[in-house]
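Shown next, in structure tokens, is the structure this report addresses.
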């Protein structure tokens, strides 16, 4: 099997890289793919928490590159899907514990029996970022409708180009239809115009994300959540399907009413 | 000090000319100082050391080579003895470098003559030119035309909405209420010691 490696990155912190990685990985596995998630945020690991696999960690990525264990020993099998694995980051080490070359080697090895490898990049543009993009075939940039996030995304696109990762795609996360409507939030066209790259998905702001993150259950598992649907769509686009973008709906009168009386 | 040597732009680099009759001591002093203060001056371009009119001993040449090694990332260093056509004149900057892509945040283009960009200049990107800057796209970053002090330089773009626009020693920024949605080609130049913008 010759798997594809996708790096999820953003430059800016807090825009939803880890949430996106967890959900894209989960959604890809839902479609029967063999997927390995790699947490490249050494020293500040989170992906295991979001996946709800924290208490199963014995070995981590640094143990693998330092040959303290075999790769298979460090890979944690997901509790929901047999084809989904997580290679956790080390929490007690830092980004310099792994080199881009070691990362590349590791990914080459994983590619042999995975369909997709999803690398969750740390924020920033330093060594951690360089490790995360080493060995990637494809890059997905996560941004939110804020000038600072878009600016950082633009910088990242430039750095990816310099590393030979052409044609990255962008996920616009945490968009709020009502704010866009009022002109209080950058709209999608504005952002795409600046970044000039392809849009692979839009994820609406969803309170359910906070809940699902705290529970360790990716929202992609939730059939009724809008954000879950958005991530499942992104996974299908990654697999090559041509899906139309989700329509952003303003809160309908009924849902606003429900909110008002505390039903939703 | 500056009069010991002068620079002349050529298509692929910069020629460093020395004034006739300069002593080796003064050359050494001036070049060491320049290399220390402006070590990035020749980054990415060829440096031509014009030895025309100089008589250097072998050891002096070696010493000079040691000094120019202090410049960072010089493409190639050549020794030449070409005749200087004219004292460096700003009108002669007719060379242009053409950049066929969008400049993104953090990317920087620096050229001693004119710069033409076919693509956008995004916020956070920087263009610095000794001469004019022409952008066939949206200009939203920082530009500095006439960076060597040439007040005749101008900046033109299909949409002129820079974070900051500098020409020679003058600085301007877009008005805070500028409407950046429409595409209207404009150019900025200096008139009566002020940067003015007009539609084209």
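Chains as they are written, first to last, in this note's numbering: chain A, 194 to 457; chain B, 13 to 212. We put the beta carbon where it would ideally sit given N, CA and C, even for glycine.
Paired residues, beta bridge with residue i - DSSP
i: residue 25(B); result: 22(B) and 58(B)
i: residue 313(A); result: 201(A) and 232(A)
i: residue 115(B); result: 133(B)
i: residue 46(B); result: DSSP output for residue 46(B) lists no bridge partner at all.
i: residue 184(B); result: 177(B)
i: residue 332(A); result: 200(A)
i: residue 92(B); result: 62(B)
i: residue 394(A); result: 364(A)
i: residue 303(A); result: None; residue 303(A) has no bridge partner.
i: residue 152(B); result: DSSP lists no partner for residue 152(B).
i: residue 30(B); result: 17(B)
i: residue 278(A); result: 229(A) and 270(A)
i: residue 123(B); result: 141(B)
i: residue 211(B); result: 198(B)
CB of residue i within 8 Å of CB of residue j, strictly
i: residue 209(A); j: residue 367(A); result: yes
i: residue 336(A); j: residue 365(A); result: yes
i: residue 399(A); j: residue 197(A); result: no
i: residue 301(A); j: residue 328(A); result: yes
i: residue 199(A); j: residue 431(A); result: yes
i: residue 418(A); j: residue 220(A); result: no
i: residue 150(B); j: residue 170(B); result: yes
i: residue 370(A); j: residue 396(A); result: no
i: residue 166(B); j: residue 142(B); result: no
i: residue 203(A); j: residue 313(A); result: no
i: residue 174(B); j: residue 161(B); result: no
i: residue 64(B); j: residue 93(B); result: yes
i: residue 411(A); j: residue 216(A); result: yes
i: residue 86(B); j: residue 115(B); result: no
i: residue 209(B); j: residue 172(B); result: yes
i: residue 472(A); j: residue 338(A); result: Any answer about residue 472(A) is impossible in this case: the structure gives chain A only from 194 up to 457.
i: residue 177(B); j: residue 146(B); result: no
i: residue 31(B); j: residue 19(B); result: no
Alpha-carbon spacing of residue i relative to residue j, whole angstroms
i: residue 83(B); j: residue 159(B); result: 20 Å
i: residue 362(A); j: residue 138(B); result: 24 Å
i: residue 204(B); j: residue 168(B); result: 19 Å
i: residue 21(B); j: residue 308(A); result: 54 Å
i: residue 244(A); j: residue 201(A); result: 16 Å
i: residue 288(A); j: residue 311(A); result: 18 Å
i: residue 326(A); j: residue 238(A); result: 17 Å
i: residue 256(A); j: residue 295(A); result: 12 Å
i: residue 259(A); j: residue 246(A); result: 23 Å
i: residue 72(B); j: residue 36(B); result: 8 Å
i: residue 332(A); j: residue 356(A); result: 11 Å
i: residue 68(B); j: residue 136(B); result: 46 Å
i: residue 27(B); j: residue 199(B); result: 31 Å
i: residue 144(B); j: residue 120(B); result: 16 Å
i: residue 207(A); j: residue 341(A); result: 12 Å
i: residue 224(A); j: residue 50(B); result: 58 Å
i: residue 438(A); j: residue 285(A); result: 41 Å
i: residue 435(A); j: residue 187(B); result: 42 Å
i: residue 201(B); j: residue 180(B); result: 10 Å
i: residue 53(B); j: residue 90(B); result: 16 Å
i: residue 118(B); j: residue 212(B); result: 29 Å
i: residue 164(B); j: residue 77(B); result: 36 Å
i: residue 422(A); j: residue 212(A); result: 14 Å
i: residue 408(A); j: residue 401(A); result: 11 Å
i: residue 140(B); j: residue 111(B); result: 13 Å
i: residue 413(A); j: residue 424(A); result: 6 Å
i: residue 275(A); j: residue 266(A); result: 15 Å
i: residue 194(B); j: residue 74(B); result: 58 Å
i: residue 440(A); j: residue 303(A); result: 37 Å
Q. Would you call the segment 345–364 of chain A and the segment 259–270 of chain A in contact, with 3 or more CB pairs under 8 Å?
A. Because the criterion of three Cβ pairs below 8 Å is not met, the segment 345–364 of chain A and the segment 259–270 of chain A do not touch.
Q: Give, in chain order, every residue of the segment 333–357 of chain A whose Cβ lies closer than 7 Å to some Cβ of chain B.
A: Per Cβ criterion, the list reads 344, 347, 348, 350 and 351.
Q. Taking any Cβ of chain A, which residues in the segment 112–143 of chain B have a Cβ under 9 Å from it, in chain order?
A. Listed by position, the residues of the segment 112–143 of chain B near chain A (Cβ gap below 9 Å) are 113, 114, 115, 116, 117, 118, 119, 131, 132, 134, 135, 136 and 137.
Q: Report yes or no: do three or more beta-carbon pairs, one from the segment 373–380 of chain A and one from the segment 226–235 of chain A, lie closer than 8 Å?
A: At 8 Å Cβ cutoff, the stretches do not touch.
**Q.** Members of the segment 381–406 of chain A near chain B, C-beta cut-off 7 Å
**A.** Result list: 387 and 389.
Q: Kindly confirm or deny that the segment 36–54 of chain B and the segment 75–92 of chain B touch, where touching means at least three C-beta pairs closer than 8 Å.
A: Three or more Cβ pairs closer than 8 Å define a contact, and the segment 36–54 of chain B meets that threshold against the segment 75–92 of chain B.
Q. Three or more beta-carbon pairs under 8 Å between the segment 232–246 of chain A and the segment 280–297 of chain A, yes or no?
A. Yes, since at least three Cβ pairs between the segment 232–246 of chain A and the segment 280–297 of chain A fall closer than 8 Å, the two stretches touch.
Q | Contact between the segment 337–346 of chain A and the segment 384–400 of chain A (3+ Cβ pairs under 8 Å) | A | Taking one beta carbon from each stretch, the segment 337–346 of chain A and the segment 384–400 of chain A have 3 or more pairs nearer than 8 Å; the two touch.
Q) Using 8 Å as the threshold, is the segment 50–65 of chain B in touch with the segment 127–141 of chain B, meaning 3 or more CB pairs across them? A) With a cut-off of 8 Å, the segment 127–141 of chain B and the segment 50–65 of chain B do not count as touching, because too few Cβ pairs lie within range.
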